[in-house]
Amino acid sequence: MVNHLAIIMDGNGRWAEKRGLGRSEGHRAGAKQISTVVDAARKAGIKYLTVYAFSTENWKRPIAEVTALMELIREFSESKLEDMMKNNIRLRTIGRTDDLPLPARKSLLKSIEATAGNTGFTLNIALSYGGRAELVDAVNKLLKERKSSAAVTEEEFRQYLYAPDIPDPDLMIRTGGEMRISNFLLWELSYAELYVTDTLWPDFDEAALNKALESFAGRDRRFGGLNKKK
Ligand code: FPP
243 MVNHLAIIMD
253 GNGRWAEKRG
263 LGRSEGHRAG
273 AKQISTVVDA
283 ARKAGIKYLT
293 VYAFSTENWK
303 RPIAEVTALM
313 ELIREFSESK
323 LEDMMKNNIR
333 LRTIGRTDDL
343 PLPARKSLLK
353 SIEATAGNTG
363 FTLNIALSYG
373 GRAELVDAVN
383 KLLKERKSSA
393 AVTEEEFRQY
403 LYAPDIPDPD
413 LMIRTGGEMR
423 ISNFLLWELS
433 YAELYVTDTL
443 WPDFDEAALN
453 KALESFAGRD
463 RRFGGLNKKK
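For the sequence shown, the working numbering gives the first residue as 243, with consecutive numbering after it.
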């Protein structure tokens, strides 16, 4: 059973290129697909979905593409608020979100605050997120806040990550075919099952998700031990 699903939503650019459209049109189609997959994930009994929407490295993309992505993020958090309230969905973000332009930040904050009491499902969007940045931010937070100099345990270190209360992902899906983690959830993915599909993100629908979940159901998760835990 997948409790927390993480997704690297890759392939928007290629999807657009295949149709003779600009890359930003691919991102627009990709943003729409998030809602489709949220609905499918809720139907499948998943409780947490973390999507990689913008990495610390994505700031290096052409300014027009970055601007289009930021506008899509602003639009998404604003236009989906009503739907999230209706469906008991909580919106959260992880990453260096202070780096986002003000309109995107404001609209995200509004939806994050409005949905804070929702308990049915959590949509967690990774924005200006990097796995290494998260670990470095955790260390710096720890150095600032921790009084004791006693050895740190894994459990204690975890408390300094961006979302310590969200359980680790059980499954990580990457669309677009690349066999890479790309600086995503480096700590949290330690024991996740990985699933890579050639399907491009804007084409990743309910049937594609269910296929990934079937593959997960057939895996033997041992967490480093010999006993079967499912
Ligand atoms: C990778 O495709 C995708 C991204 C860098 C951005 C993902 C963003 C969205 C799905 C939409 C905006 C998000 C929200 C939350 C509304 P790529 O451009 O690297 O594709 P390519 O590998 O085919 O070039």
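Heads up, the beta-carbon is just placed ideally off N, CA and C, and yes, glycines get one too.
Identify, in the order they occur along the chain, each residue of the same chain with its Cβ nearer than 6 Å to the Cβ of M414, setting aside the five sequence neighbours on each side. By one-based count along the sequence shown, residue 414 stands at place 172. The beta carbon of M414 sits closer than 6 Å to the beta carbons of A248, L431, A434 and L436 from its chain, once the five residues preceding and following it are set aside; these are given in chain order.
DSSP three-state assignment for R334, whether helix, strand or coil: Counting from 1 along the sequence shown, the entry for residue 334 is found at position 92. Residue state, collapsed to three classes: strand.
Looking at the ligand FPP, does it come within less than 8 Å of I288, judged from the CB to the closest heavy atom? By 1-based counting over the sequence shown, the position of residue 288 is 46. Not so, every heavy atom of the ligand FPP lies at least 8 Å from the Cβ.
Taking just the CA atoms, how far does E398 sit from L311? Counting from 1 along the sequence shown, the entry for residue 311 is found at position 69. Counting from 1 along the sequence shown, the entry for residue 398 is found at position 156. Answer to the nearest angstrom: the Cα atoms are 35 Å apart.
Taking all protein chains shown into account, decide if F318 is buried (16 or more other Cβ within 10 angstroms of its Cβ) or exposed. Numbered from its first residue, the sequence shown carries residue 318 at position 76. It counts as buried.
Whole angstroms are fine: how far does the CA of S457 sit from the CA of P409? The residue given as residue 409 occupies position 167 in the sequence shown. The residue given as residue 457 occupies position 215 in the sequence shown. The straight-line gap from Cα to Cα measures roughly 21 Å.
Measuring CA to CA, which of M421, L377, G418 and M326 is closest to A405? Mapped onto the sequence shown, residue 405 falls at position 163. Answer by Cα proximity: L377.
Helix, strand or coil for E420 per DSSP? Position 178 of the sequence shown, counted from the start, is the residue given in the question as residue 420. Reduced to three states, the DSSP call for E420 is coil.
Are the Cβ atoms of L314 and H269 separated by less than 9 Å? By 1-based counting over the sequence shown, the position of residue 314 is 72. By 1-based counting over the sequence shown, the position of residue 269 is 27. Taking 9 Å as the Cβ cut-off, L314 and H269 qualify as a contacting pair.
CB A282 to CB M251, shorter than 9 Å? Position 40 of the sequence shown holds residue 282. Position 9 of the sequence shown holds residue 251. No. Outside cutoff.
From K348 to G359, what does the alpha carbon distance come to, in whole angstroms? Translated into positions along the sequence shown, residue 348 becomes position 106. Translated into positions along the sequence shown, residue 359 becomes position 117. Taking the straight line joining both Cα atoms gives about 19 Å.
Residue ranges of each beta strand (DSSP E) within the region 266–307, 3 or longer: 290–297
Outcome for T441 when other beta-carbon atoms lying within 10 angstroms are tallied against a minimum of 16: Sequence index remark: in the sequence shown, residue 441 carries index 199 (1-based). Classification of T441: buried, given that the 10 Å Cβ count is 16 or more.
Whole angstroms are fine: how far does the CA of A392 sit from the CA of G460? The residue you call residue 460 lines up with position 218 of the sequence shown. The residue you call residue 392 lines up with position 150 of the sequence shown. Computed Cα separation, rounded: 42 Å.
Pairwise C-alpha distance: G467 and A346: Within the sequence shown, numbered from 1, the residue matching residue 346 stands at position 104. Within the sequence shown, numbered from 1, the residue matching residue 467 stands at position 225. Each residue's alpha carbon lies about 44 Å from the other.
Member of G255, L323 and G272 whose CA lies at the smallest distance from the CA of R303: As a first step, residue 303 is located in the sequence shown; it is residue number 61 there, counting from the start. Closest by alpha carbon: G255.
Helix, strand or coil for E320? Go by DSSP, reduced to three states. Within the sequence shown, the letter at position 78 stands for residue 320. In the structure shown, E320 falls within a helical segment according to DSSP collapsed to helix, strand and coil.
Below 8 Å, how does it come out for the region 377–389 and the region 348–357: are there three or more Cβ pairs, yes or no? no
Go ahead and pull the three-state DSSP assignment for T339. Mapped onto the sequence shown, residue 339 falls at position 97. Helix, per DSSP.
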